[in-house]
Structures are given as structure tokens and as C-alpha cells.
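Residue numbers (UniProt numbering): 1 to 284. Notes follow the structure.
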């Protein structure tokens, strides 16, 4: 049992609690936040298909949908109206998290679905003490039940994204092959450094994965070279191509490996999952 002084702050208590759990409960999940404040870079596509690909490798995976748009949820065939419990309904009651987790049609893959109500969570968290750690405390309840917890973020740097960054120990950055995306990643990395310095020193960069790559496009080739120069130690070898099947799969409520496992998109995400599974992280 963890006993601390009543004068200890919430932030200190959360850190002590996590350390205590790591020492007493054995292996815990690798918590990977998929983050990029720029929209349309393949963030949700990466979250859904990386989670499904890890599940195909018989890794127990929980996909956490922190985006009020709920696209990661609908991409697995779940829609907010289908069930009352979701991430918002249990965010402030972490012991009830199991009521909100749904088994998907993919073996080994569960989802904690998102909802439009998460827009209200941004406002409700503002005046909460230790507001950055609510998602972390929620996921601690099931941390030792999974091999991987994949967290999909909204395309912003608000409190939901900060909560996701504080709940993870690894950050994966999807980067679209265009120059505007390169400009946006600088702001994300500034936020990452602030979070790591002040809120979550355990957060490390897992890597940058290039998405929507078109080998026929000279710009894609140039962006790849620029990213390789900027992140020589953090760029995944796997590159996610532009692929029609990847775009079609969400409309059927399936990850691409369930929609067309022979497609280039499915092959790419399976390769990325293998790379993630054997990867190590660094705080550099």
C-alpha cells in the first residue's frame, strides 16, 4: 500500500503512484501516444492500423480515442450512440474504465471509444487540480492488462492532447510528406520538451513515420530527405504510401488489414507494427 503525506501535491502523488505500481505489479503496457497538432496527416489512420497490426501479432492492445471527432472509434465500427459508456463518461471516475472498454471484431484489440462530449472535457479540466493527469490515472487501472496502449489525439495542443502526452511513455509522430507538415512538427516538439521537462519526464520519442508518401512525387522524396536530416535517429524505415484501400477501410468500420490485407497500406502498417514492437526509445 502506498502511503504519502496529505501535503504532497497531486503531481507528486501521481509520479509516486506510478513508480509504486511499476515496482509492485510487474510488466505494464507500452503506452504510445500518436500525436500531431496538424490535421490530415494520417494520425488516426496510423492509430487504428498500428493497433490492429499489433493485435494481429497477438499482442493485447487497447486503442484509446481521445479525439472528440471519434474517428478512431468509427474506424473500428463503433459509433458513440451505440453505447452509453465512453472515455468521457469514465474520465472522472477511473475505476469504471472497464465498463467503457469494448472488444472489437479484431482478436486481441479493445477500444476505449471517444465521443463529442470530450469537447466539454477541455473546459471541465481547466480548473481541476492536476488537470494534466486525469487520463493517466484512468489508464493506470488497466495498465497491466495490455501489451500496448495506443492513444489517438485530437489535432490540437489543448488539454486533451496534454493529458495524452502525460499518460504515455512513448510518442509516435505521423508526418505527411509536405512542407507545411514540417513546419508544424517544430511546434509539437516544443510542446513535447515542455511536457517532458515539467510534467512527464518518462515521455520519449518513439519515432517519426512518413505518411501519404507518393514515390512519383518529387516533393515526397524531398520531404523524406529533409526529415532524415532533422531526425536521423528517429525516422522509421517503414513509409506509409498513399493507398486507396487505406482511404476506403474506415467507411466500412474496419482497419485496412481486415478490409484488404494484400493492399500496400496493409503491408506498410504490418511492417510498422513489427518495427515498433522491436524498437527502443530515447529522450533525445
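Where a beta carbon is used, it is the ideal one built from N, C-alpha and C, also for glycine.
query: Near residue 260, what residues of its chain come up, given a Cβ to Cβ distance below 7 Å and the 5 sequence neighbours on each side ignored?; result: 245 and 266
query: How many angstroms separate the CA atom of residue 222 from the CA atom of residue 256?; result: 28 Å
query: Pick out whichever of 29, 43, 28 and 30 has its Cα sitting closest to the Cα of residue 161.; result: 43
query: Could you give the uninterrupted runs of the beta strand (DSSP E) lying entirely in the segment 171-230, keeping only those of 3 residues or more?; result: 204-211
query: Given a cut-off of 8 Å, decide if residue 139 and residue 149 are closer than it, judged by their beta-carbon atoms.; result: yes
query: Between which two residues does the beta strand (DSSP E) holding residue 134 run?; result: Residue 134 -> not in any beta strand (DSSP E); alpha helix (DSSP H) instead, spanning 134-140.
query: Please say whether residue 278 and residue 169 have beta carbons closer to each other than 8 Å?; result: no
query: When you compare the segment 55-66 with the segment 96-116, are there three or more beta-carbon pairs, one atom per stretch, that lie closer than 8 Å?; result: yes
query: In the DSSP output, which residue or residues are listed as bridge partners for residue 61?; result: 109 and 148
query: Measure the beta-carbon distance from residue 152 to residue 65 and round it to whole angstroms, keeping in mind my assumption that it falls under 8 Å.; result: 5 Å
query: On a CA-only basis, which of 238, 136, 175 and 202 is nearest residue 35? Give me that one, please.; result: 175
query: Drop a sphere of 10 angstroms on the beta-carbon of residue 136, count the other beta-carbons inside from all chains shown, and report buried for 16 or more, exposed for fewer.; result: buried
query: Using CA atoms only, rank isn't needed, just tell me which of 94, 123, 218 and 74 is closest to residue 248.; result: 74
query: I'd like to know whether the C-beta atoms of residue 177 and residue 206 end up nearer to each other than 8 Å.; result: no
query: Buried or exposed: where does residue 126 fall if 16 or more other Cβ atoms within 10 Å of its Cβ makes it buried?; result: exposed
query: Does the Cβ of residue 132 have 16 or more other Cβ atoms within 10 Å, making it buried, or fewer, making it exposed?; result: buried
query: Is DSSP giving residue 119 helix, strand or coil here?; result: helix
query: Quick one: what does DSSP say residue 274 is sitting in, helix, strand or coil?; result: helix
query: Let me know the secondary structure DSSP gives residue 261 once reduced to three states.; result: coil
query: In three-state terms, what does DSSP make of residue 30?; result: strand
query: What does the alpha-carbon distance come out to for the pair residue 193 and residue 84?; result: 37 Å
query: How many Å lie between residue 145 and residue 98 at the Cα?; result: 11 Å
query: Restricting to Cα atoms, I'd like to know which of 29, 49, 231 and 115 is closest to residue 274.; result: 49
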